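Colleague: If you're matching them up, the sequences are chains Z and L in order. First residue of the first sequence: 4, per this note's numbering; consecutive thereafter. First residue of the second sequence: 4, per this note's numbering; consecutive thereafter. Just passing along the structure, written as structure tokens.
There are 2 protein chains.
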Amino acid sequence: MDEPVSLAESVKDMIRADILDGRLDFGARLRIRELATRYGASPMPVREALRSLVGEGLVAAVANKGARVVTVDAEHIRHLFTIRIAVEVALARQAALAIDAAGLAEVATLERERLAAVQGGDFAAGVAINQRFHRRIYEAAGNAEGLVLLDRHWLLLAAIWSRYGYRPERLGGVASDHDHILRALAERDADACGVMTAAHVTKTRQDMLAQIEGYEARVR
Amino acid sequence: MDEPVSLAESVKDMIRADILDGRLDFGARLRIRELATRYGASPMPVREALRSLVGEGLVAAVANKGARVVTVDAEHIRHLFTIRIAVEVALARQAALAIDAAGLAEVATLERERLAAVQGGDFAAGVAINQRFHRRIYEAAGNAEGLVLLDRHWLLLAAIWSRYGYRPERLGGVASDHDHILRALAERDADACGVMTAAHVTKTRQDMLAQIEGYEARVR
DNA sequence: TCCCACAAGATGTGATCACAATTGTTATCT
DNA sequence: AGATAACAATTGTGATCACATCTTGTGGGA
Numbered sequence: 004m005d006e007p008v009s010l011a012e013s014v015k016d017m018i019r020a021d022i023l024d025g026r027l028d029f030g031a032r033l034r035i036r037e038l039a040t041r042y043g044a045s046p047m048p049v050r051e052a053l054r055s056l057v058g059e060g061l062v063a064a065v066a067n068k069g070a071r072v073v074t075v076d077a078e079h080i081r082h083l084f085t086i087r088i089a090v091e092v093a094l095a096r097q098a099a100l101a102i103d104a105a106g107l108a109e110v111a112t113l114e115r116e117r118l119a120a121v122q123g124g125d126f127a128a129g130v131a132i133n134q135r136f137h138r139r140i141y142e143a144a145g146n147a148e149g150l151v152l153l154d155r156h157w158l159l160l161a162a163i164w165s166r167y168g169y170r171p172e173r174l175g176g177v178a179s180d181h182d183h184i185l186r187a188l189a190e191r192d193a194d195a196c197g198v199m200t201a202a203h204v205t206k207t208r209q210d211m212l213a214q215i216e217g218y219e220a221r222v223r
Numbered sequence: 004m005d006e007p008v009s010l011a012e013s014v015k016d017m018i019r020a021d022i023l024d025g026r027l028d029f030g031a032r033l034r035i036r037e038l039a040t041r042y043g044a045s046p047m048p049v050r051e052a053l054r055s056l057v058g059e060g061l062v063a064a065v066a067n068k069g070a071r072v073v074t075v076d077a078e079h080i081r082h083l084f085t086i087r088i089a090v091e092v093a094l095a096r097q098a099a100l101a102i103d104a105a106g107l108a109e110v111a112t113l114e115r116e117r118l119a120a121v122q123g124g125d126f127a128a129g130v131a132i133n134q135r136f137h138r139r140i141y142e143a144a145g146n147a148e149g150l151v152l153l154d155r156h157w158l159l160l161a162a163i164w165s166r167y168g169y170r171p172e173r174l175g176g177v178a179s180d181h182d183h184i185l186r187a188l189a190e191r192d193a194d195a196c197g198v199m200t201a202a203h204v205t206k207t208r209q210d211m212l213a214q215i216e217g218y219e220a221r222v223r
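This is the structure in structure tokens:
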């Protein structure tokens, strides 16, 4: 029953994971033969994987000069968040109108699990559940295209987070934001859900930009 | 000075053009060897081109079953426009704040050219200039990521238009919308620019959906 | 007559090789 | 010593081939 996967897709997943976890740094050259030996594959699947990752926005390629992991700067991230906020708000509004009781219960459960993880000191788990919390809401909007767009963005943001770190002290403010979003969802209030989502993601953007600027200042 | 292009990229451009102009229909199978002979290339660049087009959202591929031109239905387009409206409004708002005198003049000129083309009966030129009108505004927002996103959407929408046709009678209403947007830009009024853009694109969505439903009704 | 199994052809995937462009290094000239 | 040109090693790109998988057409059985 499981989908047939090509070798190229497996390699793609491995490269993606290596970028996300920092084993392949931003701007790192992605040499085909090198990756092929690293993953125990022939160069061919690697080529296809790289081509595919370019489309996902994780890899940048130049003709005859090879591929590199994308590089990100503050400006880039600002722009990414502008798009992200716009799309997330649109999906959050639709979700408030379309979510059913089961979905609502799922989201509430995820928030409870997230709180438990954070209070238990397991920040990594908290971050992971946080993503599922938001993603479950956007699923309720029923917009498949929007979902893949947000997934891609989230991937890049996760890669950034794994490098620049996230600030645990922010997790408190998150809880209050999530409560407001949950309430808006329960009341089927699209306006409120959109506004709360915009505020929440805007805070995330500011947080990430502060992290990065702090990092860049430290490097110089 | 011109960028070096690989054969794969040339093939990609040719496939993209063939999809856009209807020579490759929605849902058409894209056989590697077949395309290779069609474009006078070897199978290899075609493979890379297809992989790349999957990332652009014009082609859908399944492992071991090959690639097809994407298929679109009303639902798909509705979702696409939800995202498109969200992003366009965000960029339009930024454009209103960021556009300079030169940019403003360019946009105004484009609208004048568009009107002239339409009044001259050259609807195809009118549609092309219309795209440049909107694109020039989003360029002013200075958000490169948003621009590529909108470009991709526009490509798919153009492919749909070239099949289902557009209604010339709508071009009148467009002029009024564009005037409002131009005014909002000139006055650096982000709110007004966002609202007018939302209204304009929403009309476009309704128009396209009506066209498609009419087409689907005719087919059944 | 319909359905399923099986075989033959078609097609995507992976491997290997040959070539061209790029990059890094060294040697030579100013 | 610094810059530059030629050369060598590396690496991306394109071609061809071999194999696995899917599709299609045919025939036999219920």
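Here a beta-carbon is modelled for each residue, glycine too, at the ideal position from N, C-alpha and C. None of the values given here were measured: they were computed from a predicted structure.
With a Cβ-Cβ cutoff of 7 Å, do G145(L) and A213(L) count as a contact?
Modeller: In the second sequence, counting from the first residue as 1, residue 145(L) sits at position 142. In the second sequence, counting from the first residue as 1, residue 213(L) sits at position 210. No, the Cβ-Cβ distance between G145(L) and A213(L) is not below 7 Å.
Colleague: Quick one: is G176(Z) buried, meaning 16 or more other Cβ sit within 10 Å of its Cβ, or exposed?
Modeller: In the first sequence, counting from the first residue as 1, residue 176(Z) sits at position 173. That one is exposed.
Colleague: Could you pull the start and end residues of the alpha helix (DSSP H) that R54(L) belongs to?
Modeller: Start at 1 with the first residue of the second sequence, and residue 54(L) comes out as number 51. Note, R54(L): alpha helix (DSSP H), P46 to E59.
Colleague: Kindly list, in the order they appear in chain L, the residues whose Cβ is closer than 9 Å to that of E12(Z).
Modeller: As a working mapping, residue 12(Z) is identified with position 9 in the first sequence. Going along chain L in sequence order, the residues near E12(Z) (Cβ under 9 Å) are A66.
Colleague: For R54(Z), which residues in chain L fall below 7 Å Cβ to Cβ?
Modeller: The residue you call residue 54(Z) lines up with position 51 of the first sequence. Simply E51, R54 and S55.
Colleague: Could you tell me the distance, in whole angstroms, from the CA atom of G43(Z) to the CA atom of G168(L)?
Modeller: Residue 43(Z) sits at position 40 when you count from the first residue of the first sequence. Residue 168(L) sits at position 165 when you count from the first residue of the second sequence. Using only the alpha carbons, I get a separation of about 50 Å.
Colleague: Work out the CA separation of R36(L) and R50(L) for me, nearest whole Å.
Modeller: Stepping through the second sequence from its first residue, residue 50(L) is reached at position 47. Stepping through the second sequence from its first residue, residue 36(L) is reached at position 33. Their backbone Cα atoms lie some 9 Å apart in a straight line.
Colleague: Does DSSP put V65(L) in a helix, in a strand, or in coil?
Modeller: Numbered from 1 along the second sequence, position 62 holds the residue referred to as residue 65(L). Reduced to three states, the DSSP call for V65(L) is strand.
Colleague: DSSP on R32(Z), reduced to helix/strand/coil?
Modeller: Counting from one through the first sequence, the residue named residue 32(Z) turns up at place 29. In the structure shown, R32(Z) sits in a strand (DSSP, three-state: E or B).
Colleague: Could you check the C-alpha separation between R208(Z) and T85(Z) for me, to the nearest Å?
Modeller: Sequence index remark: in the first sequence, residue 208(Z) carries index 205 (1-based). Sequence index remark: in the first sequence, residue 85(Z) carries index 82 (1-based). One C-alpha to the other measures close to 9 Å.
Colleague: Classify M4(L) as buried or exposed, calling it buried when 16 or more other Cβ atoms lie within 10 Å of its own Cβ.
Modeller: Reading the second sequence from its first residue, position 1 is the one you call residue 4(L). Low local confidence applies: a pLDDT of 49 at M4(L) is under 50, so the model's placement there is unreliable, with the coordinate-based value given in what follows. M4(L) should be labelled exposed.
Colleague: Work out the CA separation of M211(L) and A162(L) for me, nearest whole Å.
Modeller: Numbered from its first residue, the second sequence carries residue 162(L) at position 159. Numbered from its first residue, the second sequence carries residue 211(L) at position 208. When rounded, the distance between both Cα atoms is 12 Å.
Colleague: List the endpoints of the continuous alpha helix (DSSP H) containing Y85(Z).
Modeller: Within the first sequence, the letter at position 82 stands for residue 85(Z). As written in the sequence, residue 85(Z) is Thr, which differs from the Tyr given in the question. Looking at the DSSP string, the run of the alpha helix (DSSP H) that includes T85(Z) is A77 to A101.
Colleague: With 16 as the cutoff for other CB atoms within 10 Å, does V151(L) come out buried or exposed?
Modeller: Position 148 of the second sequence, counted from the first residue, corresponds to residue 151(L). Result: exposed.
Colleague: Does T85(Z) get closer than 7 Å to chain L when you measure Cβ to Cβ?
Modeller: Counting from 1 along the first sequence, the entry for residue 85(Z) is found at position 82. With 7 Å as the cut-off, T85(Z) counts as an interface residue toward chain L.
Colleague: Give me the DSSP bridge partner(s) of R71(Z).
Modeller: In the first sequence, counting from the first residue as 1, residue 71(Z) sits at position 68. Its beta-bridge partners are R32(Z) and A63(Z).
Colleague: Just by C-beta distance, which residues in the stretch 146-163 of chain Z are closer than 7 Å to chain L?
Modeller: Per Cβ criterion, the list reads N146, A147, E148, G149 and L152.
Colleague: Along chain Z, which residues have their Cβ under 9 Å away from the Cβ of G58(L)?
Modeller: Counting from one through the second sequence, the residue named residue 58(L) turns up at place 55. Ordered by position in chain Z, the residues that pass the 9 Å Cβ test against G58(L) are R54, S55, L56, V57, G58, E59 and G60.
Colleague: Can you pull the chain Z residues whose beta carbon is under 7 Å from the beta carbon of H82(L), in chain order?
Modeller: For the purposes of this step, residue 82(L) is taken as the residue at position 79 of the second sequence. Going along chain Z in sequence order, the residues near H82(L) (Cβ under 7 Å) are N146, A147, E148 and G149.
Colleague: Check distances from the C-beta atoms of the stretch 186-211 of chain Z to those of chain L and list, in chain order, the residues that come in under 8 Å.
Modeller: Residues: none.
Colleague: Classify N67(L): buried if its beta carbon has 16 or more other beta carbons within 10 angstroms, exposed otherwise.
Modeller: Position 64 of the second sequence, counted from the start, is the residue given in the question as residue 67(L). N67(L) is exposed by the Cβ-count criterion.
Colleague: How many whole angstroms separate the CB atoms of G106(Z) and A64(Z), which I take to be in contact at a CB cut-off of 8 Å?
Modeller: Walking along the first sequence from the start, residue 106(Z) turns up at place 103. Walking along the first sequence from the start, residue 64(Z) turns up at place 61. The Cβ separation is near 39 Å, so there is no contact.
Colleague: With a 10 Å radius around its C-beta and 16 neighbouring C-beta atoms as the bar for buried, classify S55(L) as buried or exposed.
Modeller: The sequence position of residue 55(L) within the second sequence is 52, counting from 1. Buried, by the Cβ-count rule.
Colleague: Using a Cβ cut-off of 8 Å, pull out every chain Z residue sitting near A93(L), in sequence order please.
Modeller: By one-based count along the second sequence, residue 93(L) stands at place 90. Under the 8 Å cutoff, chain Z gives T85, I86, I88 and A89.
Colleague: Can you tell me where the alpha helix (DSSP H) holding R117(L) begins and where it ends?
Modeller: Sequence index remark: in the second sequence, residue 117(L) carries index 114 (1-based). Residues A104 to Q122.
Colleague: For a contact meaning CB atoms closer than 8 Å, what does V73(L) contact in chain Z?
Modeller: Locating residue 73(L) in the second sequence gives position 70, where the first residue counts as 1. None at all; the shortest Cβ gap to chain Z is about 11 Å.
Colleague: Whose CA, out of L153(L), G217(L), R155(L) and H137(L), lies closest to the CA of V196(L)?
Modeller: On the second sequence, residue 196(L) is found 193 positions in, with the first residue counted as 1. The question names Val, yet the displayed sequence has Cys at residue 196(L). Measuring from the Cα of C196(L), the nearest candidate turns out to be H137(L).
Colleague: Would you say S9(L) reaches chain Z, if we count a Cβ-Cβ gap shorter than 7 Å as a contact?
Modeller: Taking the second sequence and counting its residues from 1, one reaches residue 9(L) at position 6. By this cut-off, S9(L) is an interface position.
Colleague: Measuring CB to CB, does A1(Z) end up less than 7 Å from T205(Z)?
Modeller: Beyond the ends of chain Z as shown, which are 4 and 223, falls residue 1(Z); an answer cannot be given.
Colleague: Considering only residues of the same chain and omitting the five flanking positions on each side of V198(L), which have a CB-CB separation below 6 Å?
Modeller: The residue given as residue 198(L) occupies position 195 in the second sequence. Within the same chain, V198(L) has no close Cβ partners at all.
Colleague: Using the three-state DSSP reduction, which class does D192(Z) fall into: helix, strand or coil?
Modeller: Mapped onto the first sequence, residue 192(Z) falls at position 189. Correct three-state label for D192(Z): coil.
Colleague: Roughly how many angstroms separate the alpha carbons of I18(Z) and G25(Z), rounded to a whole number?
Modeller: On the first sequence, residue 18(Z) is found 15 positions in, with the first residue counted as 1. On the first sequence, residue 25(Z) is found 22 positions in, with the first residue counted as 1. Each residue's Cα considered, the two are about 11 Å apart.
Colleague: What does the Cβ neighbour count give for G149(Z), buried or exposed, with the cut at 16 atoms within 10 Å?
Modeller: Within the first sequence, numbered from 1, the residue matching residue 149(Z) stands at position 146. Buried: at least 16 other Cβ atoms inside 10 Å.
Colleague: Leaving aside the five residues before and after S45(Z) along the sequence, list all residues of the same chain whose C-beta is less than 7 Å from its C-beta, in chain order.
Modeller: If you number the first sequence from 1, residue 45(Z) lands on position 42. Result list for S45(Z): A39, in chain order.
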